Amino acid sequence: MNFLISDIKQYQTIIQKILKYDDGPNVIALVGDLGSGKTTFTKEIAKYLGVNQNVISPTFIIHREYLTSDIKKTLHHLDLYRLDHNFELDEIGLRNLVNARNVIVIEWADKFPKYIKSLEKIKSVQITWVNLEYIDEDTRRFSI
Amino acid sequence: MKILAIDTSCDDTSVAISEDLRILANVSWSKFKTHNDFGGVIPTEAKRQHKEFLDPVIAEALKVSKLSIEDIDAIAVTYGPGLAIALEAGIEKAKELSKKYNKKLIGVNHMIGHIYSSLAQDESGKSYSGISISDIKFPLLALTISGGHTDLYFMENHMEFKRLGGTIDDAVGEAYDKVGRMIGLGFPAGYKLETLAKDGDLNAYDFPRPMANSGDLNWSFSGLKTAVLYQIKKLQNVYESKPDKKEFRMNDASMNLSEKEISDLAASFQEAALESLLMKLRKAISQYSPKMLVIGGGVIANQALRNKLEKLCDISKTKLVYPIPMWLCTDNASMIAIAANFYAKNNLYIKDIDSLDRIPGLEIS
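Line by line, the protein sequences give chains A and B. The first sequence begins at 71 in our numbering and counts up one residue at a time. The second sequence begins at 32 in our numbering and counts up one residue at a time.
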């Protein structure tokens, strides 16, 4: 699927589609350069999930978590920019986050394609790769 | 009171020994600081370093202070915010020392450490930043600015913090690092960007001051970072994304920019970032009429920011306080030791040693 997004409201429609299956954990693997809108997109996911807190950049501490309006669902926001090896993903406990009906948003997921593919073995998991591309100042291309 | 303080919140293994507000020793190990291609610290490398070097760094700090561990009254350690696996190493060691030598344990919030860093004194009792404890007048505003934080607090007493606002996305130091990467400066970029900005025209590009009219005391730096990216793309005349993502990382974005363009970008970005900071500080000062403005965190090493703050505080007759030596601005265990004094005064010791756990996203409350 390809979308051209020029209005922030359109994010909600896409997010609804991505998070439709919520019997298990939802992994959203984000791919896109600085300025492509990864943070904005994650903020919209948080809004969709009824997160009350402000979603701020996870770059510094790599992983932040947020309570959603659904008690069985935690939003995990990860930034893999500073990581280089698979074992580091083990150390930060990525695999353990992928459970229940959690939503796990992973920025710079393209650094670890194999590892993220290996998460497919987890029961009822739904992995969605989202490419964000800068088209111009007001437009982003979404490929899912 | 003699305190041995440990900070392993990020990539420095830092240990300090203090007696009251006097720093008797401050030893940091960051020789093995390893940065990857993408900029930033490799967390597991930091953890390995902390584990390996904590013991020798502690031994060296004790040696410098001419004290033995038996002389110490309390062990203080950073328990957040920071990298989970890095924090863990320091906490583990602090618990071990606390149990083995039967010392009181104090868990310190790293950001409270930054706020109190200006009070550090040298061995003879002379303040490094020209500020003594009797100079502290409440109410005051405290601003923390670093690679991970941009937060503003109102204080009416020691150790009482009311959060007034903060960044809603990237920290100001993070914006410096990310923009630095865009214009090809590597990591960390803060100091290099500031140096480049001196040669640039701060009005060359009209970057936004995000949240200027938001009415609150929050900041946003993500949009500014993106505005710099747009400007770079315009300069490069690249309006489409490169097809091969692997080839196109932001550190390549500076390609085809002239030296003048790069320094103009640096100067214009810095002006926008600092003016954003100042705008909300101005607003907060007029709203809260504080007696002092206290700054802590790595970004206060920036001279352009210091100049702007001096002016602001001159005009508003607010006393400005910030850590002067570079090592007190960046992460260090001395500030943890200083803050620990105030934890101790408020009897904020860890009652059950085993209960102390790292909190990577710890906030001040």
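For every residue, glycine included, the Cβ atom is placed at its ideal position computed from N, Cα and C. Because the structure is a prediction, the values reported are computed rather than measured.
- Taking Cβ-Cβ distances shorter than 7 Å, what residues in chain A pair up with Leu260 (chain B)? What Leu260 (chain B) touches in chain A: Leu104, Gly105.
- Which residue spans inside the stretch 134-179 of chain A form an unbroken alpha helix (DSSP H) run of at least 4? List check, alpha helix (DSSP H) in window: 156-161, 164-167.
- Does DSSP put Phe279 (chain B) in a helix, in a strand, or in coil? Residue placement at Phe279 (chain B) cannot be trusted, given a pLDDT of 42 that sits under 50; what the coordinates show is reported in the next sentence. If DSSP states are grouped into helix, strand and coil, Phe279 (chain B) belongs with coil.
- Local Cβ density within 10 Å of Leu100 (chain A), reported as buried at 16 or more and exposed below that: Looking at its Cβ environment, which holds 16 or more other Cβ atoms inside 10 Å, Leu100 (chain A) is buried.
- Item | Under 8 Å by beta carbon: chain B residues contacting Thr109 (chain A) | Within 8 Å Cβ-Cβ: Asp200, Asp201, Ser253.
- Nearest-angstrom Cα distance between Ser365 (chain B) and Ser59 (chain B)? C-alpha of Ser365 (chain B) to C-alpha of Ser59 (chain B): approximately 10 Å in a straight line.
- Those runs of the alpha helix (DSSP H) which lie wholly inside the stretch 104-130 of chain B and span at least 4 residues: Fully enclosed alpha helix (DSSP H) runs of 4 or longer: not present.
- Please classify Arg152 (chain A): is it buried, with 16 or more other beta-carbons within 10 angstroms of its beta-carbon, or exposed? By the 10 Å Cβ count, Arg152 (chain A) comes out buried.
- Under 8 Å between C-beta atoms of Thr175 (chain B) and Gly392 (chain B): Cβ atoms of Thr175 (chain B) and Gly392 (chain B): not closer than 8 Å.
- Message: Tell me the rounded alpha-carbon separation between Gly120 (chain A) and Ser188 (chain A).
- Response: About 29 Å.
- Tell me which same chain residues have a C-beta within less than 6 Å of the C-beta of Trp199 (chain A), skipping the five on either side of it? In its chain, beyond the 5 residues on either side, Ala99 have a beta carbon closer than 6 Å to the beta carbon of Trp199 (chain A).
- Message: Tell me the rounded alpha-carbon separation between Ile75 (chain A) and Ile174 (chain A).
- Response: Answer to the nearest angstrom: the Cα atoms are 22 Å apart.
- Which chain B residues are close to Thr129 (chain A), counting only those with a beta carbon under 9 Å from its beta carbon? Residues of chain B passing the Cβ test: Gly71, Gly178, Gly179, Asp201, Ala202, Glu205, Asp208, Lys209.
- Message: Please state whether the Cβ-Cβ distance between Cys344 (chain B) and Leu351 (chain B) is less than 8 Å.
- Response: Result yes, Cβ atoms of Cys344 (chain B) and Leu351 (chain B) sit closer than 8 Å.
- Task: Specify whether the stretch 146-158 of chain B and the stretch 49-56 of chain B touch according to this definition: at least 3 beta carbon pairs, one from each stretch, less than 8 Å apart.
- Result: Between the stretch 146-158 of chain B and the stretch 49-56 of chain B there are three or more inter-stretch CB-CB distances shorter than 8 Å, so the stretches are counted as touching.
- Distance between Ala125 (chain B) and Gly106 (chain B) (C-alpha atoms, nearest Å): The displayed chain sequence assigns Ile, not Gly, to residue 106 (chain B). Ile106 (chain B) and Ala125 (chain B): Cα-Cα distance of roughly 6 Å.
- So Gly144 (chain B) packs on Thr109 (chain B), CB below 8 Å; how close in whole Å? With a Cβ gap of about 7 Å, Gly144 (chain B) and Thr109 (chain B) count as contacting.
- Length of the line joining the Cα atoms of Asp140 (chain A) and Pro239 (chain B): Distance between the alpha carbons of Asp140 (chain A) and Pro239 (chain B): 37 Å.
- How about Ala56 (chain B) and Leu85 (chain B): are their beta carbons less than 8 Å apart? Going by C-beta atoms, Ala56 (chain B) is not nearer than 8 Å to Leu85 (chain B).
- Note down, in chain order, every chain B residue with its Cβ under 7 Å from the Cβ of Asn124 (chain A). In chain order: Ile199.
- Between Met213 (chain B) and Leu104 (chain A), is the Cβ-Cβ spacing less than 8 Å? Yes, they are a contact pair.
- Give the secondary structure of Gly217 (chain B) by DSSP, where H, G and I count as helix, E and B as strand, and everything else as coil. In the structure shown, Gly217 (chain B) falls within a coil segment according to DSSP collapsed to helix, strand and coil.
- Query: Mapping DSSP to helix, strand and coil, what is Tyr353 (chain B)?
  - Reply: In the three-state DSSP reduction, Tyr353 (chain B) falls in the coil class, being neither helix nor strand.
- Residues of the stretch 308-328 of chain B with Cβ closer than 7 Å to any Cβ of chain A, in chain order: Listed by position along the chain: nothing, the set is empty.
- From the DSSP output, read off the bridge partner residues of Ile126 (chain A). Answer is none; Ile126 (chain A) lacks a bridge partner.
- Query: Taking any Cβ of chain C, which residues in the stretch 131-144 of chain A have a Cβ under 9 Å from it, in chain order?
  - Reply: Although the question refers to chain C, the structure presented lacks it and instead comprises the protein chains A and B.
- CB contact check: Glu177 (chain A) to chain B, cutoff 8 Å: Answer no: the Cβ-Cβ gap between Glu177 (chain A) and chain B never drops below 8 Å.
- Message: Please report whether the beta-carbon of Ile162 (chain A) lies at a distance below 8 Å from any beta-carbon of chain B.
- Response: Yes, because at least one Cβ of chain B sits closer than 8 Å to the Cβ of Ile162 (chain A).
- Task: Have a look at Asn72 (chain A) and Pro95 (chain A) and give me their C-alpha separation to the nearest angstrom.
- Result: Distance between the alpha carbons of Asn72 (chain A) and Pro95 (chain A): 24 Å.
- Task: Rank B:Leu248, B:Ala47, B:Ala115 by C-alpha distance to the C-alpha of Lys78 (chain B) and give the top, closest one.
- Result: The candidate whose alpha carbon is nearest that of Lys78 (chain B) is B:Ala115.
- With a CB to CB cut of under 8 Å and the five nearest residues on each side skipped, what residues in its chain are close to Pro430 (chain B)? This structure cannot settle anything about residue 430 (chain B), because the visible part of chain B is limited to 32 through 396.
- Item | Secondary structure of Lys134 (chain B), DSSP reduced to three states | If DSSP states are grouped into helix, strand and coil, Lys134 (chain B) belongs with coil.
- In the stretch 91-115 of chain B, which residues sit with their C-beta less than 8 Å from some C-beta in chain A, listed in chain order? Within the stretch 91-115 of chain B, Pro112, Gly113, Leu114, Ala115 place their CB atoms closer than 8 Å to a CB of chain A, listed in sequence order.
- Item | Chain-ordered chain A contacts of Lys256 (chain B) [CB-CB under 8 Å] | Result: Leu104, Gly105.
- Task: Could you pull out every residue in the same chain whose Cβ sits closer than 8 Å to the Cβ of Phe252 (chain B), ignoring the five residues on either side in sequence?
- Result: The residues are Thr181, Thr198, Asp200, Asp201, Ala202, Val203, Glu205, Ala206, Pro241, Ala304, Ser307.
- Message: Leu248 (chain B) and Leu183 (chain B) - do their beta-carbons sit closer together than 8 Å?
- Response: Contact flag set, yes.
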